[in-house]
Amino acid sequence: MDNRRQTLHNYYSSYGIDRVSARRRDDQWLTARLEADTTRFIPVWDQKNLFTTKGDGLEPVFLPACDARDLVPGAESLTLLGVADDSAYFALGLPASAQPPFGPAGSPPDGMAARGGRFRDLRQVAPLLGERDGALLAYARAMTYWHGRHRFCGNCGSPTRSVEGGMLRVCTNAQCGQHHFPRTDPAIIVLVTCGEHCLLGRQPSWPAGMHSTIAGFVEPGESLEDTLIREVREETGVEVKEMAYHSSQPWPFPSSLMLGFTAVAADRSLRVDQDELEAAGWFTREDLLSRLKAGTLRLPSPVSVAYRLIEGWFDASDLGQLKDLQRPPEKS
23 MDNRRQTLHN
33 YYSSYGIDRV
43 SARRRDDQWL
53 TARLEADTTR
63 FIPVWDQKNL
73 FTTKGDGLEP
83 VFLPACDARD
93 LVPGAESLTL
103 LGVADDSAYF
113 ALGLPASAQP
123 PFGPAGSPPD
133 GMAARGGRFR
143 DLRQVAPLLG
153 ERDGALLAYA
163 RAMTYWHGRH
173 RFCGNCGSPT
183 RSVEGGMLRV
193 CTNAQCGQHH
203 FPRTDPAIIV
213 LVTCGEHCLL
223 GRQPSWPAGM
233 HSTIAGFVEP
243 GESLEDTLIR
253 EVREETGVEV
263 KEMAYHSSQP
273 WPFPSSLMLG
283 FTAVAADRSL
293 RVDQDELEAA
303 GWFTREDLLS
313 RLKAGTLRLP
323 SPVSVAYRLI
333 EGWFDASDLG
343 QLKDLQRPPE
353 KS
């Protein structure tokens with residue numbers, strides 16, 4: 023499988039939306055789309071998305087224009103995400119407050135299609151969603167986060183205003199006029215192997231037994247390759263001798279782009295930096311198999327590229343499929 027097809031399999035990445043970049047400056051078209059019956063609004067409050075319960079599962083709320091009409095004027099941000107299946111999608115950034123905008127219980131007001139909904143952290147419920155829905159919710163979350171942190175110009179401190187469908191903020195100071203575009207923070211994430219072992223680490227804040235691949239942010243003036251070598255060495259003392267790109271994944275928690283790699287270590291010597299990791303170790307496939315079955319090991323969420331890196335390595339053996347060993351996601 024080539025790298026592009028790998029990326030399309032990553033959650034939050036594949037949803038088939040046309041970003042209609044050429045339409046963002048067309049105010050007449052934008053106005054028409056805001057009022058169209060086919061348009062859908064994705065509400066985001068306190069970096070959470072809105073869901074309703076459907077049977078034993080969850081369903082994300084995409085508000086039609088009639089239900090969003092009263093919310094749009096008071097919204098902190100409004101961003102055109104794109105068009106899919108003749109429907110335009112807008113991220114609706116709702117004002118921050120102690121309680122959700124739909125009342126103390128978080129329930130939308132009477133008459134709304136989302137009646138009975140609740141705002142939830144996307145990271146906790148993503149495994150219960152389809153890829154397209156998860157990607158749209160993540161995209162909306164990322165854009166509302168960016169708007170909320172760029173209300174003032176970083177150049178002169180003046181207020182900024184949203185233009186071009188919410189994909190640009192412009193300083194209102196005529197003497198400045200700085201343009202501010204959405205940003206994302208690149209980070210490498212890598213599964214390091216040595217012979218029949220893979221390298222996994224854990225941070226102290228993670229749930230008991232949780233282990234994952236090594237990751238870290240790219241620093242200014244640093245290539246992805248240099249970042250990978252530095253992060254692995256700093257956190258575990260392991261020297262990397264080979265590496266290969268695997269795939270990428272948007273990770274809007276809050277605004278990262280994960281660049282996945284595999285790498286080969288020179289040897290299995292370890293020197294764990296306790297300021298970075300609580301622990302790190304080399305695991306064989308048999309180690310993972312026995313500990314997963316015993317419930318003493320937890321791996322990253324199945325929607326993460328970290329999981330895909332581990333899964334690809336594990337499934338290259340004859341021990342079965344890693345997905346068959348994972349517990350089903352909890353319905354919170």
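In our numbering, the protein residues as written are 23 to 354. Backbone N, C-alpha and C define an ideal beta-carbon position, used for all residues, glycine too.
Can you list, in chain order, the residues of its chain with a C-beta nearer than 8 Å to that of residue i? Leave out the 5 residues immediately preceding and following it.
i    : result
A237 : A209, I210, I211, V212, E253, M280, A328
H219 : R290, W304, F305, T306
By a C-beta neighbour count over all protein chains shown, 10 Å radius and 16 as the cutoff for buried, is residue i buried or exposed?
i    : result
P181 : exposed
S291 : exposed
F112 : buried
G156 : buried
Taking C-beta to C-beta, are residue i and residue j nearer than 8 Å?
i    : j    : result
Y37  : L158 : yes
L250 : M232 : no
L102 : R46  : yes
S99  : T166 : yes
K315 : E333 : no
A90  : E57  : no
S35  : Q271 : yes
Have a look at the options and flag the residue whose alpha-carbon is nearest the alpha-carbon of residue i.
i    : options                : result
E256 : S277, L319, S245, D295 : D295
G217 : S339, R183, S326       : S339
Q50  : G156, G187, Q271       : G187
T235 : Q146, R191, D346, F283 : F283
G176 : L114, S277, F203, E261 : F203
D207 : C178, G179, Q225, E241 : E241
V42  : P322, D107, Q200, G152 : D107
V147 : S326, R330, K345, L344 : S326
Q225 : T258, L151, A44, D309  : T258
F63  : L52, T53, L85          : L85
Roughly how far, in whole angstroms, is the beta-carbon of residue i from the beta-carbon of residue j, given that I think they are within contact range, below 8 Å?
i    : j    : result
T61  : A110 : 5 Å
G223 : A301 : 7 Å
G104 : H169 : That belief does not hold up - the Cβ atoms of G104 and H169 are roughly 17 Å apart, past 8 Å.
P229 : R320 : 6 Å
G79  : L150 : 6 Å
Enumerate in chain order the residues of its own chain whose CB-to-CB distance from residue i is below 6 Å, with the five nearest sequence positions on each side excluded.
i   : result
E81 : T74
Once you ignore the five residues that flank residue i on each side, which residues in its own chain have a CB closer than 7 Å to its CB?
i    : result
T318 : G231
R163 : V66, Q69, N71, L144, P274
D289 : C216
Q343 : D337
Quick check on residue i - is its C-beta less than 8 Å from some C-beta in chain C?
i    : result
L246 : Included in the structure is just one protein chain, with no chain C present.
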